[in-house]
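Working notes, structure below.
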Amino acid sequence: MKILKFGGTSVGTAESIYNVRNIIESIPGTKIIVLSAMSGVTNHLVTITEAIKNGKQEEAQILNSVLKVKHIELLDKLITSPDRNFKVKSGLNDLFKEFDDFLLREYSEDNTNLILTFGETLLTYIFSEYLFASQMDNTLLDGKRFMYVENIENPDTTEVANRIIPFLKSEEMEPIYITQGFVRIDKFNRVSTLKRGGSDYSATILGAALNAEEVQIWTDIDGFHNNDPRYVEDTHPLSNLTFEEAAELAYFGAKILHPQTISPVLEKNIPIYLKNTFTPELPGTKISSEINKKGLKAISAKDGITAIKIKSNRMLMAHGFLKKIFEIFDNLETAIDMITTSEIAISLTIDDTRNLGPILDQLHEYGDITVEKDHSIICIVGEGLIEDSNTYKLFEILNEIPIRMISYGGSLNNVSLLVATENKVNALKALHKTLFIKAGQELVPSL
Ligand code: ASP
Ligand code: MG
Numbered sequence: 006m007k008i009l010k011f012g013g014t015s016v017g018t019a020e021s022i023y024n025v026r027n028i029i030e031s032i033p034g035t036k037i038i039v040l041s042a043m044s045g046v047t048n049h050l051v052t053i054t055e056a057i058k059n060g061k062q063e064e065a066q067i068l069n070s071v072l073k074v075k076h077i078e079l080l081d082k083l084i085t086s087p088d089r090n091f092k093v094k095s096g097l098n099d100l101f102k103e104f105d106d107f108l109l110r111e112y113s114e115d116n117t118n119l120i121l122t123f124g125e126t127l128l129t130y131i132f133s134e135y136l137f138a139s140q141m142d143n144t145l146l147d148g149k150r151f152m153y154v155e156n157i158e159n160p161d162t163t164e165v166a167n168r169i170i171p172f173l174k175s176e177e178m179e180p181i182y183i184t185q186g187f188v189r190i191d192k193f194n195r196v197s198t199l200k201r202g203g204s205d206y207s208a209t210i211l212g213a214a215l216n217a218e219e220v221q222i223w224t225d226i227d228g229f230h231n232n233d234p235r236y237v238e239d240t241h242p243l244s245n246l247t248f249e250e251a252a253e254l255a256y257f258g259a260k261i262l263h264p265q266t267i268s269p270v271l272e273k274n275i276p277i278y279l280k281n282t283f284t285p286e287l288p289g290t291k292i293s294s295e296i297n298k299k300g301l302k303a304i305s306a307k308d309g310i311t312a313i314k315i316k317s318n319r320m321l322m323a324h325g326f327l328k329k330i331f332e333i334f335d336n337l338e339t340a341i342d343m344i345t346t347s348e349i350a351i352s353l354t355i356d357d358t359r360n361l362g363p364i365l366d367q368l369h370e371y372g373d374i375t376v377e378k379d380h381s382i383i384c385i386v387g388e389g390l391i392e393d394s395n396t397y398k399l400f401e402i403l404n405e406i407p408i409r410m411i412s413y414g415g416s417l418n419n420v421s422l423l424v425a426t427e428n429k430v431n432a433l434k435a436l437h438k439t440l441f442i443k444a445g446q447e448l449v450p451s452l
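Right, dumping it as structure tokens:
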């Protein structure tokens with residue numbers, strides 16, 4: 006069995022959906038197709054939920070009509086036979102009737118989640134009917150019946166397996182299943198989400214639950230690049246990454262993959278392939294436990310980082326100081342990304358600033374605090390990176406760009422730099438030049 010996930014612009018128009026169908030047809034075996042919403046739809050639903058929160062139910066209705074038109078237009082392009090079109094449209098109207106009811110309700114978190122996950126419900130319904138209309142039998146599975154994820158950081162994939170297996174039909178030859186990404190249910194059967202971009206994660210959770218052969222994630226770029234193609238020219242796709250490399254890159258900003266995607270399949274050693282729906286013949290990136298190349302491989306950057314410095318003479322020769330500091334962050338459920346220390350100061354970074362106020366209140370007890378917002382972490386990865394003979398060159402960047410923190414040696418496979426976000430693009434370009442171009446790696450995909 007294979008899990009194939011299609012998202013964003015891959016399912017953005019009827020034309021791209023024709024491509025998706027062809028891709029599915031070209032891949033043999035049993036498949037579970039995980040779809041996200043059409044591109045732009047979840048953002049639109051977020052605006053609807055905001056309108057409801059602000060008591061603007063009428064505005065929500067108007068926004069909803071745009072959504073209706075968008076999906077009806079898609080349906081009209083995908084299913085042209087009048088009888089079938091009529092039948093499927095009436096099914097779509099039923100879904101919208103249910104949805105209209107959510108829009109009339111008072112604001113609540115539960116209702117917000119029901120609204121946010123509606124884009125996936127709509128698209129999977131239309132897509133499943135389109136496959137039927139084009140002679141491809143399939144079974145539409147309702148993720149709300151089995152995507153039980155109580156702990157988002159550590160899903161119990163055995164529990165997901167127990168719940169989904171009864172819906173799978175073993176008697177059929179190589180069946181195709183369609184289901185929604187993004188949605189999850191908790192222990193009270195409440196519908197919730199796997200956070201924005203979470204359909205990738207849905208795919209690997211299902212992959213681990215069902216011990217899939219592989220998980221394929223189809224997007225609109227040809228795999229992980231060795232640097233951020235939005236800011237740097239002459240990047241190239243990487244044909245192989247290890248799970249650890251991909252996890253670091255995804256966590257530190259590479260937008261191609263939801264940061265948690267790797268974790269469910271890592272232990273089961275199920276490879277993930279990142280492929281481009283628009284150029285399916287290209288190899289894309291394989292993420293697995295194989296180490297094909299040692300040394301420097303890729304660079305990514307994550308914005309929205311806040312650096313906090315705690316300077317205290319009490320730290321001098323004292324033990325237990327770090328523990329107290331970390332406890333403050335732990336108690337306020339805030340993850341720390343980077344840390345550097347000197348004898349009298351500690352600097353660390355966070356990206357979730359929801360509890361910054363109370364964190365600072367408590368830190369003040371321990372010394373003078375400085376907070377610097379609008380920073381970016383630049384993450385440089387590669388198996389055995391710090392042993393690579395070219396790695397020293399990354400410090401040449403210090404001649405050009407002010408670096409606020411450096412984390413070197415935390416693992417063999419990663420070096421992280423903290424820069425002001427206004428210097429990020431220049432830092433990415435400078436690193437690209439010194440680490441890849443000068444080192445003669447440009448345009449040569451690593452194998
Ligand atoms: N549709 C959801 C979102 O836009 C999930 C996803 O695309 O993966 O965040
Ligand atoms: Mg995505």
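Note that our numbering has the sequence shown beginning at 6, numbered continuously upward.
All C-beta atoms in this analysis are idealised placements derived from N, C-alpha and C, irrespective of residue type, glycine included.
Exposure of residue i, with buried meaning 16 or more beta-carbon neighbours within 10 Å
i	result
A208	buried
M178	exposed
N59	exposed
I67	exposed
K102	exposed
Residue(s) in a DSSP beta bridge with residue i
i	result
E219	K7
L145	I183
P242	H230
L353	I313, I344
N281	T224
E377	A312
I383	A306, L422
I37	I8, Y182
From the options, residue whose alpha carbon lies closest to that of residue i
i	options	result
P160	K438, L262, V46, P269	P269
Q140	D147, L146, F132	F132
G202	I261, I169, L145	I261
G300	I8, G389, F257	G389
F229	L79, G258, A213, S204	G258
N404	L436, I355, S394	L436
S352	G372, T247, I84, I183	G372
F104	N69, N90, D115	N69
L337	R359, K438, G12	R359
N156	Y206, I355, G34	Y206
E377	V424, N419, K438	V424
Y23	F331, K82, H76, I32	K82
I333	E286, I315, T345	I315
I313	R319, A340, L173	A340
Range of the contiguous alpha helix (DSSP H) that encloses residue i
i	result
H76	62–83
H49	46–58
Y371	From DSSP, Y371 is part of no alpha helix (DSSP H); its letter is neither H nor E.
I333	326–336
Y130	123–138
L423	Segment 419–425 is the beta strand (DSSP E) holding L423; no alpha helix (DSSP H) there.
R89	87–109
S293	Not the alpha helix (DSSP H): S293 falls in the beta strand (DSSP E), residues 290–293.
Unbroken beta strand (DSSP E) run spanning residue i, endpoints
i	result
G414	410–416
A323	Counting along the chain, A323 falls outside any beta strand (DSSP E), and DSSP gives it neither H nor E.
L390	From DSSP, L390 is part of no beta strand (DSSP E); its letter is neither H nor E.
S204	Element bounds for S204: not the beta strand (DSSP E) but the alpha helix (DSSP H), 204–214.
V188	188–190
For this session: Would you check if the stretch 277–296 and the stretch 242–254 touch, i.e. whether three or more CB-CB distances between them fall below 8 Å?
Result: yes
Exercise. Do the stretch 182–192 and the stretch 27–34 touch if we need at least three Cβ pairs shorter than 8 Å?
Worked result: no
Exercise. Are the stretch 33–47 and the stretch 10–19 touching, with three or more C-beta to C-beta distances below 8 Å?
Worked result: yes
Exercise. If you pair each beta-carbon of the stretch 406–419 with each one of the stretch 269–283, do three or more pairs fall below 8 Å?
Worked result: no
Problem set entry | Inter-stretch contact (C-beta, 8 Å, three-pair minimum) for the stretch 371–384 and the stretch 414–429 | yes
Exercise. So does the stretch 360–375 actually touch the stretch 397–404, counting three or more Cβ pairs closer than 8 Å?
Worked result: no
Exercise. Would you call the stretch 219–237 and the stretch 147–154 touching, i.e. three or more CB-CB distances under 8 Å?
Worked result: no
Exercise. Is it true that the stretch 113–122 meets the stretch 87–94, where meeting means three or more beta-carbon pairs spaced less than 8 Å apart?
Worked result: no
Exercise. Taking contact to mean at least 3 C-beta pairs separated by less than 8 Å, is the stretch 6–13 in contact with the stretch 211–221?
Worked result: yes
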